[in-house]
Amino acid sequence: MLEYALTGLIGLIVGGGIVWFLQHFFYKKDITSAKEEANRILTEAKEEAKQIKKDASNQAKELLYQMRSDFERETKEKRRDLKRLENRLLQKEEQIDRKLANLEKKEEILSARERELISREKAIEERKKDYELLIKQERETLEKVAQMSTEQAKEVLLKQVEEEARHEAAKMIKQIEEQAKEEANKKAQRILALAVNRYAGEFVAERTVSVVSLPNEEMKGRIIGREGRNIRAIEAATGVDVIIDDTPEVVIVSGFNPIRREIARMALERLVADGRIHPARIEEVVDKVTEELEEAIQEAGEQACFDVGVHGIHPELIKLLGKLKYRTSYAQNVLQHSVEVAFLCGIMASELGVDPKLAKRAGLLHDIGKAVDHEVEGPHALIGADLAKKYGEPEEVVHAIAAHHEDVEPETILAILVSAADTLSGARPGARKETFESYIKRLQNLEEIAQSFKGVSKAYAIQAGRELRIIVESDLVGDEDIAFLAHEVAKRIEKEMTYPGQIKVSVIREKRAVAYAK
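Position one of the sequence shown corresponds to residue 1023 (the working numbering), numbered consecutively onward.
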């Protein structure tokens, strides 16, 4: 039994030893092969690194050569530029030297003249002192003879001169007015009558419509939409207010911008005719109407230029002219008014020997500022002048536009022609409407201006404000003074009031004697 145990133990020990020997042998073999593989990889890496370093060195040399070539080329160009600049500076320096020499010569001449003037001034001062002494002596002698001081004599003399001047001025004004009327009235009436007769301007009845008719009352609810979504979409897309009240079968479009109001009106009419009213459809119709209106505006501007016979106007100005079709002034269509003014300017310019084409151009563009005056601050005449100048219109046309309402003093015949044609077009019967309140206010202002003058007892605005009749007190105002008074009242009206056409000022003076038989 013990032998079997020893035999097994010896076998176990011998087997374990064999196993350990085999493991140790294969481990050493793996380590050796791994070292050989590592050495091979390291050698290949070194070779590859050398090759990469060599390639990088070659690329760096090429890049350095390229950069050096570019630098040398740029340096040569800069040197040439610097040489040119140096030559120019030398030329300018020579010019400055020549100018400096001329200035020095002029300075010497001026210095000599200054010395001469100083000597003359001293001589004049000495003579002035002598004259003052003589005047003082003469004044004292006159005061003794007249028994009156200098101030008293001045006051008496000034009163006499003022009375004589007023008397002579009144006579001269009356004489000049009579002569001017004889010469100017006939010619002016002939020119204006000819202009009006040759231009047969039709009455302008076209207005911007802000009321949309509906086929029935049910349509109002469809326009409003569920919880007001449709009406909000219309207002948001067009920028106007849509008013729906108790007026049967009517919707009111309210907006300050006439173009937006027209877009809203056209869009509402199409939506009502189509019957499909919802936010998406509203935006689609508004976009389509906006495009159509832009085309209509351009066509209206081009048609106006064609009708008048004016060419070469900037496209932006033509577009602004087209916008005037949807703008009214006292119910007069501004585009039609501009065309009418252009024709009147051309006719009057032909009679006066002024270039009719330039006159038509100025007349057509005189109210161009009204197309944007709701967007830009300032008088429409000055706005229009800025626009015309911006888009390359001639200086005469720009000045005529700026001066047609006397925001700028008119300096050319063309400016006066445009102002006269504008007044003639707006003042002709039926051309414009005026609110009752502004009409009454204008009449009151006329009477107040007349009554503010000394010696006026009564004043009446008659002929719808076309004539101001003034009755003066005969004890305070003489026959020679009434012409002067009429002239002063007319000047005051021109300065303080705005009105269409002209106002006739008539001054009446009469002497009355009253007696009673008992």
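All residues carry an ideal CB built from backbone N, CA and C; glycine is no exception.
Source: prediction; values computed, not measured.
Give me the DSSP bridge partner(s) of residue 1355. 1350
Looking at the unbroken beta strand (DSSP E) that takes in residue 1478, where does it start and where does it end? 1478-1484
Counting only runs that start and end within the region 1298-1344, where is the alpha helix (DSSP H) found for 4 or more residues in a row? 1301-1330
In whole angstroms, what is the alpha-carbon distance linking residue 1094 and residue 1113? 29 Å
On the CB-based measure, 16 or more other CB atoms within 10 Å of its CB, does residue 1441 come out buried or exposed? buried
Just checking residue 1332 against the ligand COA - is the residue's beta carbon closer than 7 Å to any of the ligand's heavy atoms? This structure simply doesn't include the ligand COA, nor any ligand for that matter.
Return helix, strand or coil for residue 1263, following the three-state DSSP convention. strand
Can you tell which of 1538, 1295, 1501 has its C-alpha closest to the C-alpha of residue 1530? 1501
What do you reckon, are the CB atoms on residue 1390 and residue 1339 nearer than 8 Å? yes
If I follow the unbroken beta strand (DSSP E) through residue 1491, where does it start and stop? 1489-1494
Using the three-state DSSP reduction, which class does residue 1525 fall into: helix, strand or coil? coil
Would the region 1254-1267 count as touching the region 1301-1311 if we require 3 or more Cβ pairs under 8 Å? yes
CB residue 1236 to CB residue 1273, shorter than 8 Å? yes
CB contact flag (residue 1345, residue 1364, <8 Å): no
Suppose you measure from the CA of residue 1375 to the CA of residue 1384; what does that come to, to the nearest Å? 16 Å
Contact under 8 Å by Cβ, residue 1526 with residue 1489: yes
Residue 1386 and residue 1360: beta carbons closer than 8 Å? yes
Tell me whether the region 1396-1414 and the region 1475-1485 touch, counting them as touching only if at least three CB pairs, one residue from each stretch, are closer than 8 Å. no
Identity of the residue in 1373, 1503, 1079, 1355 nearest residue 1447 by Cα: 1355
Considering only their Cβ atoms, is the gap separating residue 1307 from residue 1293 smaller than 8 Å? yes
Beta-ladder partner(s) of residue 1275, from DSSP: 1264
Going by alpha carbons, who is nearest to residue 1313 out of 1269, 1286, 1368? 1286
Where does residue 1235 fall in DSSP's three states? strand
Note down the Cα distance separating residue 1121 from residue 1510, rounded to an integer number of angstroms. 57 Å
Using a threshold of 8 Å, state whether the C-beta atoms of residue 1280 and residue 1239 are closer than that. no
Can you check whether the CB of residue 1487 is closer than 8 Å to the CB of residue 1468? yes
For residue 1542, does the count of other Cβ atoms within 10 angstroms reach 16, so buried, or fall short, so exposed? Within the shown structure, residues of the chain are numbered from 1023 to 1540, placing residue 1542 beyond reach of any answer.
For the candidate residues 1278, 1370, 1513, 1186, whose alpha-carbon lies nearest to that of residue 1261? 1278
Within 10 angstroms of its Cβ, does residue 1252 collect 16 or more other Cβ (buried), or is it exposed? buried
Using only the alpha-carbon positions, how far apart do residue 1288 and residue 1357 sit? 20 Å
Residues bridged to residue 1530 by DSSP? 1493
Residue 1436 vs residue 1424 beta-carbon contact at 8 Å: no
So, using beta-carbon positions, are residue 1505 and residue 1195 closer together than 8 Å? yes
Please state the DSSP three-state secondary structure of residue 1076. helix
With 16 other Cβ atoms within 10 Å as the buried cut-off, status of residue 1368: buried
Grouping DSSP H, G and I as helix and E and B as strand, with all else coil, what is residue 1539? coil
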